[in-house]
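Residue numbers (UniProt numbering): 245 to 600. Glycine residues also receive a C-beta, built at the ideal position from the N, C-alpha and C atoms. Below is one structure, written out as C-alpha cells; comments come after it.
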Ligand code: F6R
C-alpha cells in the first residue's frame, strides 16, 4: 500500500533514505575507506565506457559518463534508441553499460545486444533481479531500490546515481578504492536526503507559479542531467510545458523563450567554475524579468539572485546533484498535486516500455 501517503510517488520519494542505505550496504566501508562492488570482482579494466539508456535512466547515464571522464576514463552516454541503429565503435576492451531500472526496456536491450554482438563487455545497472538485461549481460550491478510502483522514476534515479559512483570508484582504481572523502559522503547521503525531505519548501514555491506559461530548468556539468531530469519529471506528471537546458546553451537560443511568466529553476551546486557561470545565466534571465528559483547548497551565493531558494546540504560535489534532484522531485510532485493530476499513472505513459 501507500503507507498513508496520497500517492506511490510521494511514498517512493520519502523512501529514498532507506533505498539509498540499501544501495551502499556492504559496499562502502567506513573503517578502511574502501568501496567494493562484489558483483564486479571479475570485471577487468576497460579502456572506454559507453552508456546506453532511455528517459530518466539516460539522465543518470549522462551523469555517470561525466563522473568517469573526471576520473580519467573516456566515457559517453547514448540514447539507447540511437545506439541500436547507429552504434559507436567498440571492441573487446570496451564496456557498454545499460542503465535500466526495469531491465526490460526494449531499446536498451537492443543496444546491449548490439554492443555484445560486436565483442564489447556488457554490464546492466538495474533494479530488477533476474530481469532480461541482468540475464543477458556479462555483468550486473543491482541498485537495490526496492519495487517502484509510480510510473515516474524517483528513488531508482537516486540509486542509479549512487551506483554510478560505486562503478566509477571501482573502475578508477581497479579494485580497492581508498577515497575516504567519497566513502564518508556516500554514507551521509541518506541523512542528507532526509534533511531535504524534512525541510523542503517546494510546495510553497510552486504555489506561486500555478499560472505560468512554461517551466525551464538550467544546469551545467553534473547539474545538467539534473536539470533535464527535473524537467522530464515535471512534464510527465503536471502536463505543463517544461524543458531542461544546458545553462551554457542559454544564449544560443533558449533565452528567446524567457519571459516574466516562465519560471526558471537553476541548479547550482558546488562553488567551482560551473556554479559561477550558471550564476551568470541566472542574472541574464532575471534581466528578462523571469522568476528564478535556485536549487543550491549555498556555496556560490546563488541565493542572492533568486526569488526563491530550495536549499540542499553541502556534501561532496559528486553527490550534491542527487540532493538537488530530490528538491526537483518535490517541485514536480507538489505542482502535479496542486493541479490534481493522475500522479502515479500519467496519461499516455507506461512504467516499462517493452516495444521499440
Ligand atoms: C521517467 C521514466 C522513464 C524511464 C525510461 C527507462 O520517469 O520512468 O523515462 O526512465 O522508460 O526505463 P528503464 O530505466 O526501466 O529502462
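Cβ contact annotation for residue 598 (same chain, cutoff 6 Å, sequence separation greater than five): 348 and 350, in chain order. In the three-state reduction of the DSSP assignment, residue 283 falls in the helix class, which pools H, G and I. When C-beta atoms of the region 311-327 are compared with those of the region 255-274, fewer than three pairs fall below 8 Å, so the two segments do not count as touching.
Residue 345 has its Cβ nearer than 6 Å to a heavy atom of ligand 1.
Just so you know, the alpha carbons of residue 579 and residue 452 end up roughly 10 Å apart. Annotation: residue 305 to residue 297 spans about 7 Å, alpha carbon to alpha carbon. By the beta-carbon neighbour count (other beta carbons within 10 angstroms, threshold 16), residue 457 is exposed. When DSSP reads this structure, residue 487 sits in a beta bridge with 460. A check of alpha carbon separations from residue 309 across 329, 339 and 282 identifies 339 as the nearest. Under the three-pair Cβ rule at 8 Å, the region 361-379 counts as touching the region 398-413. For residue 538, the enclosing beta strand (DSSP E) starts and ends at 536-540. Going by C-alpha positions, residue 461 is about 18 Å away from residue 444. Here DSSP, grouped into helix, strand and coil, assigns residue 291 to coil. Annotation for residue 338: the continuous beta strand (DSSP E) segment containing it runs 338-344. Spatial neighbours of residue 553 in its own chain (CB-CB distance under 7 Å, excluding positions within 5 residues in sequence) are listed in chain order as 538, 540 and 547. Separation of the CB atoms of residue 364 and residue 402 is rounded to 28 Å, and the pair is thereby denied contact status at 8 Å. Around the C-beta of residue 247, fewer than 16 other C-beta atoms lie within 10 Å, and the residue is accordingly described as exposed.
Three or more beta-carbon pairs separated by less than 8 Å are not found between the region 249-256 and the region 374-387, which leaves the two stretches without contact.
Beta-bridge partners assigned by DSSP to residue 352: none are found. Straight across, the Cα-Cα distance linking residue 498 with residue 562 is about 27 Å. About 6 Å separates the Cβ atoms of residue 478 and residue 459, confirming a contact at the 8 Å cut-off. Taken from the Cβ of residue 446, every heavy atom of ligand 1 lies 6 Å or farther away. Pairing residue 278 with residue 299, the inter-Cα distance amounts to about 32 Å. Proximity to residue 332 across 440, 374 and 360 peaks at 360, based on C-alpha coordinates. Contact between residue 376 and residue 405 fails: their C-beta atoms lie close to 23 Å from each other, not under 8 Å.
The C-beta separation of residue 470 from residue 314 comes to about 16 Å, leaving the pair out of contact by the 8 Å criterion. For residue 365, the uninterrupted beta strand (DSSP E) run begins and ends at 365-370, by DSSP. The straight-line gap separating the alpha-carbon atoms of residue 287 and residue 280 is approximately 12 Å. A direct Cα-to-Cα measurement between residue 385 and residue 496 gives close to 39 Å. Distances from the CB of residue 597 to the heavy atoms of ligand 1 include at least one below 6 Å.
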